[in-house]
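Structure first, commentary second.
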Amino acid sequence: MIDWSGYLSLILEGALVTLQLTVMGSALALVMAFLAGLGRLSRFFLVRALATTYIEFFRGTSIFVQLFWVYFVLPFAGFTLTPLQAGVLALGLNVGAYAAEVVRGAVKAVGREQTEACTALNLSRYQRMRHVILPQALPLMLPTFCNNAIELLKGTAVVSLISLTDLTFQAQVVRAQTGNTLIPFTTILILYFAMAWVISVSMRWLERRMTRNLDGVRI
Amino acid sequence: MEWDWDFVWQIMPTLLEGFKITILATVLGAAVAAVIGLALAIARRSPIAAVSRTVGFVSEFIRGTPLLVQLYFIFYVLPDIGIRLSPLVAGVIGIGVHYATYTAEVYRAGIENVPRGQWEAAKAANLTTRQAWIHVILPQAVPPMIPALANYFIAMFKETPLLSAITVLELMNQAKSIANSNYRYIEPMTLVGVFFLVVSLISVVGLRWLEERYARMDD
Amino acid sequence: MASPIIRIDNIVKRFGPLTVLDGLSIDVMPGEKLALIGPSGSGKTTILRILMTLETISGGHIEVDGEQLYHMKKGADLVPADERHLHRMRKKIGMVFQHFNLFPHKCVLDNVTLAPMLTQGVTRADAEKRAMELLDMVGMADKAKSVPAQLSGGQKQRVAIARALALSPKIMLFDEVTSALDPELVEEVLSVMKRLAAETDMTMLLVTHEMGFAHDFADRVLFFDRGKIVEEGKPEEIFRNPRQERTQIFLRKIIAAGHRV
Amino acid sequence: MASPIIRIDNIVKRFGPLTVLDGLSIDVMPGEKLALIGPSGSGKTTILRILMTLETISGGHIEVDGEQLYHMKKGADLVPADERHLHRMRKKIGMVFQHFNLFPHKCVLDNVTLAPMLTQGVTRADAEKRAMELLDMVGMADKAKSVPAQLSGGQKQRVAIARALALSPKIMLFDEVTSALDPELVEEVLSVMKRLAAETDMTMLLVTHEMGFAHDFADRVLFFDRGKIVEEGKPEEIFRNPRQERTQIFLRKIIAAGHRV
Amino acid sequence: ASAADLEELKEQGFARIAIANEPPYTAVGADGKVSGAAPDVARVIFERLGVKEVVASISEYGAMIPGLQAGRHDAITAGLFMKPERCNAVAYSEPILCDAEAFAVKKGNPLKLTSYKDIADNANAKIGAPGGGTEEKLALQAGVPRDRVIVVPDGQSGIKMLQDGRIDVYSLPVLSIHDLMDKAKDPNLEVVAPVVGAPVYCDGAAFRKQDVALRDAFDVELKKLKESGEFAKLIEPYGFSAKAAMSTTRDKQCAAAQ
Ligand SMILES: Nc1ncnc2c1ncn2[C@@H]1O[C@H](COP(=O)(O)OP(=O)(O)OP(=O)(O)O)[C@@H](O)[C@H]1O
Ligand SMILES: Nc1ncnc2c1ncn2[C@@H]1O[C@H](COP(=O)(O)OP(=O)(O)OP(=O)(O)O)[C@@H](O)[C@H]1O
Ligand SMILES: [Mg+2]
Ligand SMILES: [Mg+2]
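Line by line, the protein sequences give chains A, B, C, D and E.
For what it's worth, the working numbering labels the leading residue of the first sequence as 1, then goes sequentially.
For what it's worth, the working numbering labels the leading residue of the second sequence as 1, then goes sequentially.
For what it's worth, the working numbering labels the leading residue of the third sequence as 1, then goes sequentially.
For what it's worth, the working numbering labels the leading residue of the fourth sequence as 1, then goes sequentially.
For what it's worth, the working numbering labels the leading residue of the fifth sequence as 1, then goes sequentially.
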């Protein structure tokens, strides 16, 4: 008799790893998104070039390749990361590159008119960004950030390829041990969907909160 | 471990073999995504609530769960109900349907972005709904969609390595197979990265061109 | 005396909780030129859009040219109109919008010929001939091959007028056709409309904030406020001797803002 | 006689191949109220934007309050101004835009207090006190806690005026501040501006299509065409007896479109 | 990567080993505990060496040696059979688990496949094997073209593909095939074992080339274990033969196929 409750709790442990990866990866992605997104709008050529290179590189190569590099090639350069660190790093940098474009787009979408009003009021660049542009850009970013976070969640399935015991990996283990395919895979599909659902519900909540004042400003 | 150029030249033909499959899978997947996506977009606008809701939920589900797991499902579980697809076909359908949920959103946004005034002008000109779609709405909705669709095309390309999980001998799988039999990861994986990067950089240029060519027409 | 070409009978229009038109009734005689004025949000646009069947109604009846607009006879019963009925009724009505709503992907000529070719089965040659006449009338014949993006606002609006005329409707609706234009461009559109009003016996309903133009153009002026007709009469009466206080206040404000009456 | 507060000297402004201002020179005296009128695209907005340092210039010099605007002294040389110099010069100038450009995420009061607190180091209490005075002056004190989305266009523009005044600039620029408003709302904004013009000795430059208002407001009117001043003079002269043909045509069109002069 | 020193391992208290997701070489209990013949042996020996624990991570066959080289594991105990190329890439201990190769095929073996050569000769026969595994190599060496050697990610997938008719034969070591068949309980499949002409292979614990000292220490304890008879007690419950492992040596195995 197969001890399903035991195997299901194995899968739940995998869910925990997936959750960790998603949360930590998102945090890293968020930081990178703002660094690179705002960097790309910088006045300084060097900063712009750096940000652009990062963005194009990580959007250009596949997440799989990035994972393999971080996991198998970086150690030869003297950096050995745990699988979790490698996963967070690869996922965070990858999704961060996409989210950086969201930051840039949202900041630009706020419109020249707001920038000009700031100039007329003699605000400095920093003050303009901090008090006027970002507060308006943030709500614009949220829906896409939500998509990015879900992409990242789904991306964690890929880390099973570097032996990180996440949901998908645990499902594979359970499958090998029990010989049953349907149950572990159906379980993780539901778990993934539940997590994605939680992400979008909380993002929508956040968005509603942030745009409460902006009702009717944007259509 | 040192970089070995001889090894690089030796494995290049095999990698190119895989690259061909990668391209084939991407192109076929894109075709599936384009067609199914349109079907989803139209079904989601259906006045019958049951249809639009169901399609909405299924799309959300597909979009909220990893492609990798979906591929396992298609490849290993579907045969139980008598649907046995070849690895490439399963991969093309998996990746195509997954991305159809994304292209459906592009179609929807493109259609909704046509100002309401255009619908009204079409009505005031006494066109039928069909005529309005064909002569007024779609000609305006489609060009702005093209860059976004192309973007997903590139994203699909970068996700083809997942097909290795269902035994499609694409670029990544060939590289892994080379790595496995020679115990050298650096050269094959780096080359895969270079392949992806080169294609991506070329497509970024192509995308810019598309964006310029199909920039929104302003009234 | 001829019977009205438009009979608006006790129309109610709600948007959610908001009642925008509340039991409105208007009769319009064939060939009459009617100006609708009144403060923002009073429902002027809404009544035009209802006539163009761009909205649905919440209550009441409308008869256009002897036929029900939103209802149709099914045996002895009057049932809500289906799309076919609406399609047939729309032949009688044309509309020009505040923001032109030209088709941006088509040249001026194609904007004008599209509907006649698709809905009236006119050949391309005939449609183009008629379109060129109309474009000539609005002074846009030389721009027939331009796309809307290359035109000024006033030019766009003149094309939009030609486009609406191309279907030869019995009734034309104009919703603030100059208010999105630069002041300098207003005159070219108004002069086209004045000529149109003088030369045809089309029935015309016009919403405008240009009191001077309303004065010159209209046979009758309706002053709207909050979905009701507060005052109506000949332009001279309304503009020189408004009886209602609401009308007086409105006109005073408009005049103070520099508009000539 | 006092020296000019603004000296625009032979300014050239190009956008790519297009020369928008071509050797324009204007002197404005302290306290003077100047109206800029002229057809669309003639460069009126551009000259205001240049004064507000929202554009760069392609040639010429501007002196504001005795100092170079786009240049600064470095030893004996005149070099292009850096951000610090511009920052200092902008203290002297305020601007009100056609589309208000209020900060939609901040309430009315915060819109007015933001810049004084950030750029002049005023405390919140002081900034709010002054803001309430200004909002009171424009008749918006009771809406201090509303957000822009809850205001009508006229109300928004009055807040925008208060916001610009909060920095106490010596020079105020107004770019078609009523042309995005519903006609009924125009008057409330113009009356605020008339009071302002009468009560302060601020120097004011105003671009408008409201000829009646330009007439009442301005000490001097400049008529622009294609980046050049075609005619200038006292309002009575320009509006009653324009000497140039271009001015006559322009005014005739505006009048035909229903605007009172 | 730096060499792993036994002293260091003792100090940190654990050794990192790579294992496969392939019963009976490795098994993961419902409680998540790793057992199976290979890790059990490794655990005992490392304990005797003074390393209290082994931390096992499940890995693809193909990723094991690169992972070892990249310093991600201190040893591989996964049923990774000794082969000349592998002996060049890593330092093996003396043999631990020996097994012959087997085929899983459809009932009645319709294509009559009993050796890798048979597969090469039948233009329609497709073989499934783990990527980077011994079976893949054997098939390729026997002349099966690349496109008929399907790389299968794991045993369950292999059986499933066989059931679905995607492959005609699935090849793994005898004991692994038996384990899979037990779980599958499919009367339409049968086992061909041993594969004709395929040698018996033995695995050993694999260490980095520069970790020969650690390997030697491991060997000493392994020898003691074998001699005391505990070795047999450890692996025979899983179906492996202790005698087979004790009757051959690393040198023989590494030279075998040459
Ligand atoms: N689609 C809609 N949904 C909800 N409310 C609407 C809608 N369309 C119009 N309204 C409301 O109906 C009322 C009347 O609008 P309408 O556009 O008819 O006014 P109007 O007289 O044309 O005003 P204006 O002079 O500003 O054009 C307004 O309060 C408006 O907010
Ligand atoms: N950023 C820009 N790039 C290119 N051309 C510009 C730009 N801004 C203005 N122009 C051009 O400069 C000319 C003058 O524009 P400006 O806005 O100053 O005119 P204006 O007199 O204010 O007209 P209006 O009455 O329509 O506001 C126009 O031809 C305009 O198209
Ligand atoms: Mg209206
Ligand atoms: Mg302007």
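Virtual Cβ for every residue (Gly too), placed ideally from N, Cα, C.
Residue burial annotation: LEU222/C is buried, with at least 16 other C-beta atoms found within 10 angstroms of its C-beta. Looking from the CA of LEU114/C, the closest CA among VAL106/B, TRP119/B, HIS98/B, HIS135/B belongs to HIS135/B. In the structure shown, ARG90/C adopts helical secondary structure according to DSSP, grouped into three states. When DSSP states are grouped into helix, strand and coil, MET132/D belongs to the helix group.
9 Å or more divides the Cβ of GLU128/D from the Cβ of LEU151/D. For VAL196/E and ASP99/E, the gap between their C-alpha atoms comes out near 14 Å. The continuous stretches of beta strand (DSSP E) do not include TYR54/A, which lies in the alpha helix (DSSP H) extending over residues 45 to 60. Ligand 4 has a heavy atom closer than 8 Å to the beta-carbon of VAL207/D.
Going by beta carbons, THR165/A and SER57/E fall inside the 9 Å limit.
Three or more beta-carbon pairs separated by less than 8 Å link the segment 29 to 47 of chain D to the segment 215 to 229 of chain D, which places the two stretches in contact. DSSP places TYR170/E in the uninterrupted beta strand (DSSP E) bounded by 169 to 173.
Remark: the C-beta of LYS228/C is outside contact range of ligand 3, defined as less than 8 Å to any heavy atom.
Under DSSP, the beta-bridge partners assigned to TYR201/E are ASP99/E. In the three-state scheme derived from DSSP, where H, G and I count as helix and E and B as strand, GLY60/D is classed as strand. By alpha-carbon distance to GLU47/E, the top candidate from PRO145/E, ALA217/E, ALA255/E is ALA217/E. Measuring C-alpha to C-alpha distances from ALA242/E to each of CYS87/E, LEU180/E, ILE96/E identifies ILE96/E as the nearest. A Cβ-Cβ separation of about 7 Å places VAL192/E in contact with LEU113/E under the 8 Å criterion. About 7 Å separates the Cβ atoms of ILE17/E and PRO39/E, confirming a contact at the 8 Å cut-off. Under the 9 Å criterion on CB atoms, HIS87/D is classed as interfacial with respect to chain A. With contacts defined as CB atoms closer than 9 Å, VAL174/E and GLU236/E fail to qualify as a contacting pair. Neighbours of GLY94/D in chain A, taken as residues at a C-beta separation under 7 Å, are given in chain order as ALA120. Shortest Cα-Cα distance from THR128/B to any of ALA131/C, ALA125/C, GLN120/C, LEU34/C involves GLN120/C.
Using a Cβ-Cβ cut-off of 9 Å, ALA165/B counts as an interface residue toward chain E, since at least one Cβ of chain E sits closer than that to its own.
Taking the Cβ of LEU18/D as the reference point, at least one heavy atom of ligand 2 falls within a distance shorter than 8 Å. For LYS91/C, the chain B residues whose C-beta falls within less than 7 Å of its own C-beta are ASN126, listed in chain order. When secondary structure is reduced to three states using DSSP, SER40/D falls in the coil class, being assigned neither helix nor strand.
Closest in alpha carbon position to LYS91/C, among VAL28/C, ARG163/C, PRO169/C, is PRO169/C. By the 16-neighbour rule on beta-carbons within 10 angstroms, MET12/B is exposed.
One alpha carbon belongs to THR200/D, the other to LEU251/C, and they sit about 31 Å apart. In the three-state scheme derived from DSSP, where H, G and I count as helix and E and B as strand, GLY233/C is classed as strand.
The DSSP-derived three-state label of TYR72/B is helix.
Our two residues, ALA166/D and LEU21/C, have alpha carbons roughly 43 Å apart in a direct line. The contact set of PRO66/E on chain A, defined by CB atoms closer than 8 Å, consists of PHE72 in chain order. Taking 9 Å as the cut-off, the Cβ atoms of THR26/B and GLU60/B do not count as close. When GLN20/A, GLN170/A, GLY87/A, GLY39/A are compared, the shortest CA-CA separation from VAL102/A is found for GLY39/A. Distances between the C-beta of ASP110/D and the heavy atoms of ligand 2 are all 8 Å or more.
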